[in-house]
Each structure stands twice: as C-alpha cells, then as structure tokens.
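Novice: In terms of our numbering, the sequence shown opens at residue 390 and continues consecutively.
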Amino acid sequence: MKQKKELINWLGLLGIVSLLSYVVAVVFSPLAYPNYNWISQAVSDLSAANSPSKALWNQLSSLYAVCGMISVMMVCVAVQKKTNKLVRTGIYLFTAMNWVSCVGYGMFPLSDSGYAGTIQDIMHLYVVTVLVVLLSIVSLVIIIIGGFRKKSFVSLAVWATIALAFMFMGAMGVNIVPAQYFGIPERFSVFAATGFNAVLGVYLFFDKY
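If you want it as structure tokens, here you go:
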C-alpha cells in the first residue's frame, strides 16, 4: 500500500515552480529590453536597477525566489536524522547558498547593465556572487561524496555531479569565449543551481530522503 503524501512532500513541487518561473523570466523579460542580446549579455542585466525590463522581470520571476526557498527549506526539514551526515551537510550548505542568493541579489542588484563600478555592483559581483559560487561548489561536492557512499543516494550524487559540471563549464566558459558570446556559458551556471534545487524538491515529493 502506498503511503499517503503529506503536505511537506507536495511543497517539494514548488522547486519545479521556482525553476519554471525563472525560465519564463529569462526567456520573456528581453521583450521589454530593446536590443538585449542574450548571446553576449548576462541574465542579471535583465534585473539591473535601471534596466527597462526590471518591472517585467519582477513580475515573471515573482515565484522564483519564494517557491525555491520554501522547497529547499522543506528539504532541510525532511532530511533531519535521515540520509548520511555528508548529504545532510551538503543540503544545508546548498540552502545557505539559496539564502545568500535570494537576499544578496535582492539587496544589491546591478546598478546598470554590465558593470558600472558602483559599490552596489561591487557587492553584487565580488561579494554575493563569490559567496554563491563558493557555497554552490562546496555543497555539491559534499553531496556528491556523501551520495556515492550510500547506494540509495547515488542518483542524487549523479544529479549533483551534473549540476557541478554545468557550473564549471559556465565559469570556465565566460573566461574563455569571446565577449560577444559571454551570455551562453553564463547561462550554464545560473541554471545549474536552480535546476538542482528543483531536483531536491522532486526527491522530497517522492519521499526519497
């Protein structure tokens, strides 16, 4: 007999809602940004303080942060005294990364498309982004190690490996490709974390922890 799903399991689906909201914002916000070139420009240009697409971005991404945070926090609740210590620690650190991203980017959006060199831009790129990247890498590495140590979490470790690979491809790509193609590898990085957040939510929905 299948166990009835509880509210916490259903809340895991908000991770998918978060991902979909982000995808819609990335795809359709450029409609309000004349001459925006996704191949060469960063996603964060769409939500810059003076961006013409900021209002549309805020509307389309309204479910992104709140749904993502609810989902990953419910995952934290679900894994208490479950999984192994490494997987739990990795998930907690990944959740911390989500908090830093949600609060940090909300407080310090780019002041202008690209990099204008203001204090706000410095905080956005060299404080918030650095913390997000470091927490993302460390959390995924820990989940990978812990996941491969326990047979029932190998699939989660595989997903974490894929997310980490996308992050590295994005990080290396933005430094390798010509400036006119910056936006392509940059999107590998930004979708990796949001995608893995959705994966964690799906695992919660199916009660895999």
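Here a beta-carbon is modelled for each residue, glycine too, at the ideal position from N, C-alpha and C. Since the structure is predicted, the reported quantities are computational estimates derived from the model, not experimental observations.
Sort Ser578, Val530 and Leu545 by Cα distance to Phe557 and report the nearest one.
Specialist: Against the sequence shown, residue 557 aligns to sequence position 168. Closest option to Phe557, Cα to Cα, is Ser578.
Novice: At what residue ranges does the stretch 487-528 contain a whole run of the alpha helix (DSSP H), taking only runs of 4 or more?
Specialist: Those alpha helix (DSSP H) runs which fall completely within the stretch 487-528 and span 4+ residues are 508-511.
Novice: Can you tell me which of Tyr422, Val406 and Val519 puts its alpha carbon nearest to the alpha carbon of Ala560?
Specialist: On the sequence shown, residue 560 is found 171 positions in, with the first residue counted as 1. Among Tyr422, Val406 and Val519, the Cα nearest to that of Ala560 belongs to Val519.
Novice: Can you give me the C-alpha to C-alpha distance between Ser460 and Asn426, rounded to a whole angstrom?
Specialist: Residue numbering aside, residue 460 sits at position 71 when the sequence shown is read from its first letter. Residue numbering aside, residue 426 sits at position 37 when the sequence shown is read from its first letter. Their backbone Cα atoms lie some 32 Å apart in a straight line.
Novice: For the stretch 408-425 against the stretch 478-485, do three or more pairs of beta-carbon atoms, one drawn from each stretch, fall closer than 8 Å, so that the two count as touching?
Specialist: Short answer: they don't touch.
Novice: With burial defined as no fewer than 16 other Cβ atoms inside 10 Å of the residue's Cβ, what is the status of Asn439: buried or exposed?
Specialist: Here residue 439 is taken as the residue at index 50 of the sequence shown, counted from 1. Asn439 should be labelled exposed.
Novice: In whole angstroms, what is the alpha-carbon distance linking Gly562 and Tyr570?
Specialist: By 1-based counting over the sequence shown, the position of residue 562 is 173. By 1-based counting over the sequence shown, the position of residue 570 is 181. So the alpha carbons of these two residues sit roughly 9 Å apart.
Novice: Is Val566 helix, strand or coil when you go by DSSP?
Specialist: Residue numbering aside, residue 566 sits at position 177 when the sequence shown is read from its first letter. Of the three classes helix, strand and coil, the one that applies to Val566 here is coil, per DSSP.
Novice: Check whether the Cβ of Ile428 sits closer than 7 Å to any heavy atom of the ligand ZN, and report yes or no.
Specialist: With respect to the ligand ZN, the structure shown offers nothing to examine, as it has no ligands at all.
Novice: Figure out for me which residue from Tyr494, Leu435 and Lys540 has the closest Cα to the Cα of Ser412.
Specialist: On the sequence shown, position 23 is the one that residue 412 refers to. For clarity, residue 412 is Val in the given sequence; the question names Ser instead. Per the Cα distances, Leu435.
Novice: Determine the closest residue to Ser450 out of Lys474, Val406 and Thr478, with distance taken between C-alpha atoms.
Specialist: Taking the first residue of the sequence shown as 1, we reach residue 450 at position 61. When each option's Cα is compared against that of Ser450, the closest is Val406.
Novice: Going by DSSP in three states, Asn426 sits in which element: helix, strand or coil?
Specialist: Mapped onto the sequence shown, residue 426 falls at position 37. Correct three-state label for Asn426: coil.
Novice: Could you check which residue in Thr583, Leu408, Arg477 and Leu593 has the C-alpha nearest to that of Ile534?
Specialist: Within the sequence shown, the letter at position 145 stands for residue 534. That would be Arg477, whose Cα lies nearest to the Cα of Ile534.
Novice: In whole angstroms, give me the CA-to-CA distance for Asn424 and Val455.
Specialist: If you number the sequence shown from 1, residue 424 lands on position 35. If you number the sequence shown from 1, residue 455 lands on position 66. The alpha-carbon atoms of Asn424 and Val455 are separated by roughly 30 Å.
Novice: Note the first and the last residue of the continuous alpha helix (DSSP H) segment covering Phe585.
Specialist: Against the sequence shown, residue 585 aligns to sequence position 196. Where Phe585 is concerned, the enclosing alpha helix (DSSP H) stretches over Gly572 to Phe594.
Novice: Helix or strand or just coil, what does DSSP make of Ala421?
Specialist: Locating residue 421 in the sequence shown gives position 32, counting from the first residue. Three-state DSSP puts Ala421 in a helix.
Novice: Among Asn398, Ala505, Val464 and Trp488, which one has its Cα closest to the Cα of Leu589?
Specialist: For the purposes of this step, residue 589 is taken as the residue at position 200 of the sequence shown. Here the closest residue by C-alpha is Val464.
Novice: Nearest to Lys474 by alpha carbon, out of Arg538, Gly506, Gln448 and Met462?
Specialist: The residue labelled residue 474 in the question sits at position 85 within the sequence shown. Ranking the options by Cα distance to Lys474, first place goes to Arg538.
Novice: With distances taken from CA atoms, which of Pro567, Phe497 and Gly401 is nearest Val466?
Specialist: Mapped onto the sequence shown, residue 466 falls at position 77. Taking only the C-alpha atoms, the option nearest Val466 is Gly401.
Novice: Tell me which residues share the same chain as Thr550 and place their Cβ nearer than 7 Å to its Cβ, disregarding the 5 neighbours each side in the sequence.
Specialist: What you label residue 550 is simply residue 161 of the sequence shown in a count that begins at 1. Only Ile533 meet the Cβ criterion.
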